[in-house]
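Novice:
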Amino acid sequence: MKFTPDARPERWLGSLALTIIALISLGNVITRYFIGGSLAFTEEFSVFLLVVLTFAVAAVALRRNGHIRIGMLERALPSGLRRVLILFQTVCGAIVLGLITWYGAKLTWEEYQWGSLSPGLGLPQWWYLLWLPLLSAAMLVRLMQQARDRLSGRLTDEP
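With this note's numbering applied, the sequence shown covers 335 to 493.
(1) Going along the chain, which residues of its own chain have a beta-carbon closer than 8 Å to the beta-carbon of glycine 297, five neighbours each way excluded?
(2) Put leucine 396 into one of helix, strand or coil per three-state DSSP.
(3) Short of 8 Å in beta carbon distance, which residues of its chain neighbour leucine 407, apart from the five on each side in sequence? Order them along the chain.
(4) My output table needs one value for leucine 352: the three-state DSSP class, helix, strand or coil.
(5) Taking buried to mean at least 16 other C-beta atoms within 10 Å of its own C-beta, is tryptophan 460 buried or exposed?
(6) For a quick check, are the C-beta atoms of glycine 348 and leucine 387 less than 8 Å apart?
(7) Mark leucine 474 as exposed unless 16 or more other C-beta atoms lie within 10 angstroms of its C-beta, in which case mark it buried.
(8) Quick one: measure Cβ to Cβ for arginine 345 and glutamine 480, integer angstroms, because I've assumed they're closer than 8 Å.
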């Protein structure tokens, strides 16, 4: 039986975000056709949902070892050096995702404290920003799972 890693919560979240974006866009097109104007909230929600979609799908790609990278070097290296390269990649990715999570959480907290409102609908800005640290933390978890599976040989980079 072949090992197939999964990131079900992120997959569902990404699917839901994409479905809502499609419905909002369809509703906006229909509204424009019939009344000649657009719905005011569609752009703000669509941009927010697109960010959620991007981070959710990136977490799924991390878990499934589907991110684009040049595997030729990895395949050419002997086992010991390959493990060092995988660890180096994981550390670099963890640093970036850790910084995004930290500063995203900090920004979300500041927006909450300041009571900032979104420009289009006047909703609290932190509602939108909260997803940045949550989903980057999910990506960090998926990165660690991917590294564990790659180092143990459960995931390969063979084309």
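Each residue gets a CB set at the ideal place from its N, CA and C atoms; glycine is no exception.
Specialist: By the coordinates alone:
(1) Nothing can be reported for residue 297: it is not among the residues displayed for the chain, which extend from 335 to 493.
(2) The sequence position of residue 396 within the sequence shown is 62, counting from 1. It is helical.
(3) Counting from one through the sequence shown, the residue named residue 407 turns up at place 73. Result list for leucine 407: Leu419, in chain order.
(4) Taking the sequence shown and counting its residues from 1, one reaches residue 352 at position 18. Residue state, collapsed to three classes: helix.
(5) Counting from one through the sequence shown, the residue named residue 460 turns up at place 126. Burial call: buried.
(6) For the purposes of this step, residue 348 is taken as residue 14 along the sequence shown, with counting starting at 1. For the purposes of this step, residue 387 is taken as residue 53 along the sequence shown, with counting starting at 1. Yes, Cβ-Cβ distance for glycine 348 and leucine 387 is below 8 Å.
(7) One-based indexing of the sequence shown puts residue 474 at position 140. Classification for leucine 474: buried.
(8) Residue numbering aside, residue 345 sits at position 11 when the sequence shown is read from its first letter. Residue numbering aside, residue 480 sits at position 146 when the sequence shown is read from its first letter. At roughly 15 Å, the Cβ-Cβ gap does not stay under 8 Å, so arginine 345 and glutamine 480 are not in contact.
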